[in-house]
Amino acid sequence: MTRDNVIVVGAGPTGLVTALGLARAGVDVTVLEAEPAVVDSPRAVVYHWAVLDGLDRVGILDDAIRTGFTNPELCIIVLKTGEKIRLNINALAGEVTHPYQVHLGQDKLAAIALQHLLRFPHARVRWSSRVVGLRQDGAGVTLRVNTPAGPEDLEAGWVVGADGGHSTVRQLLGLRMDGMTWPERFVATNIRYDFAQYGYAPANVVIDAPYGAIVARIDHAGLWRCTYCEDDSLPEETILERMPAYFNVALPGGKDYELVQYSPYRMHQRCAERMRAGRVLLAGDAAHITNPTGGLGLTSGLYDAYVLYEALAAVIHGEAGEAVLDLYSQERRRAFLEHASPEASNFKRMVYHAKSDAELEAQLAGFRAAARDQSLQRLIFLTAKKLETPSLVRRPAP
Ligand SMILES: Cc1cc2nc3c(=O)[nH]c(=O)nc-3n(C[C@H](O)[C@H](O)[C@H](O)COP(=O)(O)OP(=O)(O)OC[C@H]3O[C@@H](n4cnc5c(N)ncnc54)[C@H](O)[C@@H]3O)c2cc1C
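Position one of the sequence shown corresponds to residue 2 (the numbering used here), numbered consecutively onward.
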């Protein structure tokens, strides 16, 4: 007999939002997470206006805003000249429900989704449970899971692999992750520093080769994220020794900062060859990874979650055929390969590697024009919407 429960592998934001959407649709769902709690390494902080409707649909937007804060401003800063070009998502006011971005650490967003998920009697999360094996047939999937009590086999009708860039689920399926790895690493730092005093907005793109950065306020208590980039061939063990030299140049008022947390990341542009293999679906970083310039990584993962939980619930409830899951794979790969990945790559080039003053000037001219013209600003902010896939089960009649 076919089983109709779902196991989601990975309690990151993609996995927990997918699980929450399934639980709200009445599906029995179990989340398996290798770590003992939500992982809190410094990663996503800023959520584009375009993903907020989806957070609202699963009921967590209000809590996300209460825990973090909203911000409509984006400032483009040219480090060498000090020029600041200010854009404002208010250009979309009256046209979209949430004309602002939300700032909060992705661990906090995951914790909110978790709290909401555990309110459902048919939802559960098992911590310290690492998936190490997978086999499937026409009726379901059996996962081998290493738990503190020893190995265990768990059965599900469907599995969602949302287990991040190194996805074990993807590897167990034997799926290729096509693409490239950048020769630089990113260093994400959480620092206390009074950026606001120097005219920084809550979200900033600081353009410079080689001292560019993405600078975003994380909370109301003076904590900021500053993500910079360095050659990946430099030794990872000596990042802390090189960091003061970077901040000496990159911080507007000099070196008086407090480092709270930091983490290095290798960067890739890669996409799984398929996001469905039988009864197993991939979502989030498990399916596609991008360098984070422009904040399109988790944006893509959330867009996966929004269409996947709805499509999978419809299949389980007999309201849609399984072909909708192939459509999921096809459409989400297309959104990543045609929009998220090239846009993040262009953005990375602009922020960290402008090759000549002329090239940079041409890009800045576009932003300067937009700062003066609301209709151009509107077009810039609408690009985040291109990454979205509309509902795969509630399609308007042709
Ligand atoms: C410096 C930096 C800044 C970023 N900023 C932004 C931003 O502002 N906006 C944005 O949209 N994106 C941003 N991103 C990208 C974003 O962090 C990722 O896209 C996001 O983490 C993907 O979430 P996920 O849930 O798919 O995967 P993850 O967050 O990686 O979660 C995967 C989970 O699966 C668990 N897991 C792994 N293997 C197993 C297993 N075998 N069994 C069980 N569990 C397992 C892991 O422990 C983890 O909890 C940034 C990334 C970096 C590095």
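All C-beta atoms, glycine included, are put in the ideal place defined by N, C-alpha and C. Quick caveat: nothing in here was measured; it's all calculated off a predicted structure.
Proximity test, residue i beta-carbon vs ligand 1 heavy atom, cut-off 7 Å
i: Ala12; result: yes
i: Gln107; result: yes
i: Leu283; result: no
i: Ala24; result: no
i: Gly16; result: yes
i: Arg333; result: no
i: Asp164; result: yes
i: Thr400; result: Residue 400 falls outside the range modelled here, since the chain spans only 2 to 399, and no answer is possible.
i: Phe460; result: A query on residue 460 cannot be resolved here, the shown segment of the chain reaching from 2 to 399 and no further.
i: Leu115; result: no
i: Gly302; result: yes
i: Pro293; result: yes
i: Leu299; result: yes
i: Ala287; result: yes
i: Thr169; result: yes
i: Val7; result: no
i: Arg44; result: yes
i: Glu96; result: no
i: Gly55; result: no
i: Arg127; result: no
Per-residue DSSP class, three states only, for residue i
i: Phe211; result: Residue identity check: residue 211 is Pro in the sequence provided, not Phe. Three-state result, Pro211: coil.
i: Leu297; result: coil
i: Asp232; result: strand
i: Tyr194; result: coil
i: Leu176; result: coil
i: Arg4; result: coil
i: Met181; result: strand
i: Trp50; result: helix
i: Lys85; result: strand
i: Asn292; result: coil
i: Ile219; result: coil
i: Gly162; result: strand
i: His123; result: coil
i: Ala440; result: Outside the displayed range of the chain (2 to 399) lies residue 440, so it cannot be described from this structure.
i: His400; result: The question about residue 400 has no answer, for the chain in this structure spans 2 to 399.
i: His318; result: coil
i: His167; result: coil
i: Ala345; result: helix
i: Val40; result: coil
i: Ala284; result: coil
i: Thr71; result: strand
i: Val32; result: strand
Spatial neighbours of residue i in its chain, beta-carbon cut-off 6 Å, leaving aside the 5 residues before and after
i: Asp164; result: Val10, Gly11, Val170 and Ala287
i: Gln262; result: Pro43 and Asn191
i: Ala51; result: Ala385 and Lys386
i: Asn249; result: Lys256
i: Thr182; result: His269
i: Pro37; result: Trp128 and Ser129
i: Gly279; result: Gln137
i: Cys76; result: Lys85, Arg87, Ala202 and Asn205
i: Val133; result: Arg145 and Asn147
i: Ile208; result: Val79 and Val352
Residues bridged to residue i (per DSSP)
i: Pro152; result: Asn147
i: Ser264; result: Ala189
i: Glu259; result: Arg193
i: His117; result: Beta-bridge pairing links His117 to no other residue.
i: Ile78; result: Lys85 and Val207
i: Gln364; result: Answer is none; Gln364 lacks a bridge partner.
i: Val132; result: Val146
i: Val18; result: Looking at the DSSP assignment, Val18 forms no beta bridge with any residue, so it has no partner.
beta-carbon residue i near ligand 2 non-hydrogen atom, thresh 7 Å
i: Leu33; result: You won't find ligand 2 in this model; what it holds is ligand 1.
Residue j beta carbon less than 8 Å from that of residue i
i: Asp154; j: Arg145; result: yes
i: Val352; j: Gly200; result: no
i: Arg193; j: Leu241; result: no
i: Pro355; j: Thr291; result: A small fix is needed here, since residue 355 is Ala in this sequence, not Pro. No, these two residues do not count as a Cβ contact at 8 Å.
i: Leu17; j: Leu115; result: yes
i: Leu309; j: Val160; result: no
i: Ile113; j: Thr71; result: no
i: Ala20; j: Leu118; result: yes
i: Gly367; j: His49; result: no
i: Pro14; j: Leu105; result: no
i: Val281; j: Val394; result: no
i: Asn6; j: Gly158; result: yes
i: Arg186; j: Glu231; result: yes
i: Gly298; j: Ala45; result: yes
Cβ shell of residue i (< 7 Å), same chain only, five flanking positions each side left out
i: Leu53; result: Leu62, His99 and Val103
i: Phe337; result: Cys272, His289 and Ser301
i: Ala314; result: Leu23, Ala26 and Val28
Proximal residues to residue i (C-beta, below 8 Å), its chain only, five neighbours per side dropped
i: Gly254; result: Asp195, Gln198 and Tyr199
i: Tyr304; result: Val52, Gly55, Arg333, Ala336, Leu388, Glu389 and Thr390
i: Glu96; result: Arg379
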